[in-house]
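Engineer: All residue numbers for the sequence shown refer to the working numbering, where the first residue is 1 and numbers rise by one.
Dumping the structure here so I can ask a few things about it.
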Amino acid sequence: MKKLILAFLYTVSLCLVGAQDTDQTVWRTWYMTPKDGKVKQLEKGLADHVKKFHGKGSWPEEYFDVLSGPNSGSLMGFSGPHTWKAFDDRVRSQGDIDHYSKYILPYSDNKNNSIDFWVHAPAVSYKPKIYSDSFHLSYNYIVPGTDAEYYEFLEGFKKSKELNKSSDTHEIYKTVSGENPDTWIWVYPISNMEELSGSTQLIAGGGSMAAALGEKEAERLNKIYKKVVKSRMREIIKFRPDLSTPPKE
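Right, dumping it as structure tokens:
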């Protein structure tokens, strides 16, 4: 279980302005929604599939229960960390394909089958937590073409946390391909629901940002945020070790 969490919090940065780097670490993410009345069948097939085709030393997959948001009741899947080249080099066995088609697809609602690719932005992440089995995810959908402005806000927000010596950690990821590539994801590790208080405050930081950076700078950064962020979505996810690739020993 710790393999996913540690790796998830230790991926390398995406170059935000364009140069391709074959060493980039990439996460493939997706949702899997069971058909009505088929939860047990889907989970049984998925657990068997992961055991047979995604075990230790193979192409890893980890799954989470989605507990809130528009995808609640679904599973969220992650595979990684990978390089872009690894996706080119991967060859899926016919046995993998046939087993998936027979024991998973019949029980999965394919209306929710979007695949996204995420990369980590460590320069604007704050004190990654070593371990957690649950996360609060906050998706920021921004105006196309405003990545540079949004990144400036992220830098200021992190700086305010550093100056305030905040105990609330967060990780930042960027969707580079998927249903909505103009998306930045805030990842807050939590151990229990009470810890949600650290990730449910106003995203702009409120008085704490002003106290750290001054009223004028806080107002400037808040204006950037209001200008470039179109909408948000949040969800809580909880790790399912019984459906996931076992950790490396």
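Heads up, the beta-carbon is just placed ideally off N, CA and C, and yes, glycines get one too.
As the structure is a computational prediction, the values presented were derived from the model and not from experiment.
Nearest-angstrom Cα distance between serine 177 and proline 81?
Structural biologist: The residue you call residue 177 lines up with position 177 of the sequence shown. The residue you call residue 81 lines up with position 81 of the sequence shown. For serine 177 and proline 81, the distance between alpha carbons rounds to 16 Å.
Engineer: Could you say if the stretch 50-57 and the stretch 223-232 meet the contact criterion of at least three C-beta pairs nearer than 8 Å?
Structural biologist: The stretch 50-57, when compared against the stretch 223-232, does not touch it at the 8 Å Cβ threshold.
Engineer: Using a threshold of 7 Å, state whether the C-beta atoms of phenylalanine 135 and proline 189 are closer than that.
Structural biologist: In the sequence shown, counting from the first residue as 1, residue 135 sits at position 135. In the sequence shown, counting from the first residue as 1, residue 189 sits at position 189. In contact: phenylalanine 135 and proline 189 (Cβ atoms closer than 7 Å).
Engineer: Inspect the beta-carbon positions of lysine 174 and valine 124 and report whether they are closer than 7 Å.
Structural biologist: Residue numbering aside, residue 174 sits at position 174 when the sequence shown is read from its first letter. Residue numbering aside, residue 124 sits at position 124 when the sequence shown is read from its first letter. Not a contact, by the Cβ cut-off of 7 Å.
Engineer: Hey, which unbroken runs of the alpha helix (DSSP H) at 4 residues or more fall wholly within the stretch 153-215?
Structural biologist: Segments of the alpha helix (DSSP H) lying fully in the stretch 153-215: 206-213.
Engineer: Using CA atoms only, rank isn't needed, just tell me which of Leu221, Thr33, Arg234, Lys238 is closest to glutamine 108.
Structural biologist: If you number the sequence shown from 1, residue 108 lands on position 108. According to the sequence provided, residue 108 is serine. The question's glutamine does not apply to it. If we check each option's Cα against that of serine 108, Thr33 comes out closest.
Engineer: Since tyrosine 126 is in the beta strand (DSSP E), which residue starts that stretch and which ends it?
Structural biologist: Within the sequence shown, residue 126 is the residue found at index 126, counting from 1. First-last for tyrosine 126: undefined, no H or E at that position.
Engineer: Please specify which runs of the beta strand (DSSP E), each continuous and at least 3 residues long, are wholly inside the stretch 39-122, giving them in chain order.
Structural biologist: You should have 62-66, 75-82, 115-120.
Engineer: Drop a sphere of 10 angstroms on the beta-carbon of valine 50, count the other beta-carbons inside from all chains shown, and report buried for 16 or more, exposed for fewer.
Structural biologist: Taking the first residue of the sequence shown as position 1, residue 50 is located at position 50. Buried is the call here.
Engineer: Report buried or exposed for glutamate 235, applying the criterion of at least 16 other Cβ atoms within 10 angstroms of its Cβ.
Structural biologist: Working through the sequence shown from its first residue, we reach residue 235 at position 235. Glutamate 235 is buried by the Cβ-count criterion.
Engineer: Of all the options Lys129, Asp96, Phe153, which has the alpha carbon lying nearest to the alpha carbon of serine 167?
Structural biologist: Within the sequence shown, residue 167 is the residue found at index 167, counting from 1. Minimum Cα distance to serine 167 is reached at Lys129.
Engineer: Using the C-alpha atoms, what's the distance from lysine 165 back to alanine 210?
Structural biologist: Position 210 of the sequence shown holds residue 210. Position 165 of the sequence shown holds residue 165. Approximately 14 Å, taken between the alpha carbons.
Engineer: State the start and end residues of the unbroken beta strand (DSSP E) segment that holds leucine 137.
Structural biologist: Locating residue 137 in the sequence shown gives position 137, counting from the first residue. Element bounds for leucine 137: 134-142.
Engineer: Which of the three DSSP states, helix, strand or coil, is assigned to lysine 35?
Structural biologist: Position 35 of the sequence shown, counted from the first residue, corresponds to residue 35. Note: lysine 35 maps to coil in three-state DSSP.
Engineer: If we ignore side chains and look at the alpha-carbon of each, how far apart do lysine 127 and tyrosine 100 end up?
Structural biologist: Sequence index remark: in the sequence shown, residue 127 carries index 127 (1-based). Sequence index remark: in the sequence shown, residue 100 carries index 100 (1-based). The straight-line gap from Cα to Cα measures roughly 38 Å.
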